[in-house]
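Here is the structure we will look at, set down as structure tokens.
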Amino acid sequence: GEGKERGGVALVEADQEQIMPQRVSEDAARASVEDVPVLSDDGKQGELETEAAPLPEDIMLWLCNRNLQHFAKALADLGVTCWRELQHEVTDEDLAAMGMRELQRRRFLRADQ
């Protein structure tokens, strides 16, 4: 834009489009984050693996209702992708290994869907 002078300082007017960042859809933002590969931490050099997919919304709601939502990433990293795995394959030892305290583990293991 044109420059204006105020108190000896030249002020430049910029178009709003030049200043404002472009909007990105939520899906595009999520895809760009989820598609970033991370290095494998199992000692295999040079191999890449993608991050665990987020848990399904119904499982997240179930965890939130039991105040266990902060274990969502650990459960996803464990490989949980559905209710059957959550209810029948996750063990007390798995929960303890992810840092869940005893009362939290009881709440998790005794709770129905």
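Here full-length UniProt numbering is used: position 83 in the sequence shown is 83, and no number is missing along the way.
The beta carbon of each residue, even a glycine, is placed where N, CA and C say it ideally should be.
Given the structure is predicted, the values throughout are model-derived calculations rather than measurements.
- 8 Å or more divides the Cβ of Ala72 from the Cβ of Leu61.
- For Gln104, the CB contacts under 7 Å within the same chain, skipping 5 residues up- and downstream, are Leu68 in chain order.
- Here the alpha carbon of Glu102 sits roughly 8 Å from the alpha carbon of Ala96.
- The alpha-carbon of Leu86 is positioned some 6 Å away from that of Val80.
- Burial of Leu55 is indicated by the presence of at least 16 other C-beta atoms within 10 angstroms of its C-beta.
- Close CB contacts of His70 within its chain, under the 6 Å cut and outside five residues either way in sequence, are absent.
- With respect to Ala76, Ala53 sits close: the two C-beta atoms are nearer than 8 Å.
- For His88, the uninterrupted alpha helix (DSSP H) segment begins and ends at Trp83 to His88.
- The three-state reading of DSSP puts Met98 in coil, since its state is none of H, G, I, E or B.
- The Cβ-Cβ distance between Phe108 and Met100 falls below 8 Å.
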